[in-house]
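Per full-length UniProt numbering, residue 1 is the first one in the sequence shown, and the count goes up by one each step. For glycine and all other residues, C-beta sits at the position ideal for the given N, C-alpha and C. Heads up, the thing below is written out as structure tokens.
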Amino acid sequence: MTADPVDPVDPVDQARRLAHARFPDALAAILTGSTAADRARALAEADLAKGRRRSPRRPSRPSATT
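Structure below.
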């Protein structure tokens, strides 16, 4: 009996680990495309979008007309 050449690791889990490794400070990572829709082929790429914390907003300045 020969070993199955297909990687048994879940592609969503692989994307999760990649996002955490590459962007450890991200608040969110969104997986899109065929991998997220469970239609990915063996060599499909994972489309990732990351979220990050915004810096605090500066108080707005009064307008010149007020």
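Residue burial annotation: T32 is exposed, with fewer than 16 other C-beta atoms found within 10 angstroms of its C-beta. In this structure A46 is in contact with A15, their Cβ atoms being roughly 4 angstroms apart against a cut-off of 8 angstroms. Counting other Cβ atoms within 10 Å of its Cβ, A19 reaches 16 or more and is therefore classed as buried.
DSSP lists no beta-bridge partner residue for A15.
Under DSSP, A29 shares a beta bridge with K50. A36 sits in a helix when the DSSP states are folded into three classes.
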